[in-house]
Amino acid sequence: MLNPLSLSRFFLLMLLSLVPLAGYTQANIEIDTPAIASLKQRMQQRHNQLEPYYSRGAIGLTRDGLIAMRDANELPLSARQTVNALIAAENQDRNALYREIARANGHPEWETDIRSTFAQRWIELARPGWWYQSPSGAWVRK
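For what it's worth, the numbering used here labels the leading residue of the sequence shown as 21, then goes sequentially.
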């Protein structure tokens, strides 16, 4: 489990990974709007709840920057509803984060590029044993 300082560094690395987008000015990685700060805080808090499910292989990182139930059989039946709710909340915040970063840069059209960058970085920063989707959509264990 990542401690709050490690998780803050994780999110900082994510923001630092925003490279210049093809044909555009570089995204402002220093952007810290109230909306972005709130989203990051919720995601950091939720990460502690999600981490055991990544480790068990029940959930994984998708190729489009979200998370998904990978193998519900890794969960007791009683936990599935809770995990599905966590996944839904996380994906809602991830979608909002990508949108807010693009909007805060004054380029809402960058959302797809920001999403792609984050998807790659989430996978790069995943722990060994966690699952992610390859570009073809196949699940791969890191």
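Backbone N, C-alpha and C define an ideal beta-carbon position, used for all residues, glycine too.
Taking the alpha carbon of Ile87 as the point to measure from, which residue in Asp52, Gln112, Ala57, Arg119 has its own alpha carbon closest?
Gln112
What is the DSSP secondary structure of Leu117, counted as helix, strand or coil?
helix
If Glu15 sits next to Arg119, beta carbons under 8 Å apart, how far is it from one beta carbon to the other, in whole angstroms?
The requested residue 15 is not part of the displayed model; the chain covers only 21 to 162.
Provide the residue(s) that pair with Tyr152 in DSSP beta bridges, ordered along the chain.
Leu81, Val160
Quick check: what's the CA-CA separation for Ala116 versus Ser58?
11 Å
The alpha helix (DSSP H) spanning Asn88 covers which residue range?
For the sequence presented, residue 88 should be read as Ala rather than Asn. Segment 87–89 is the beta strand (DSSP E) holding Ala88; no alpha helix (DSSP H) there.
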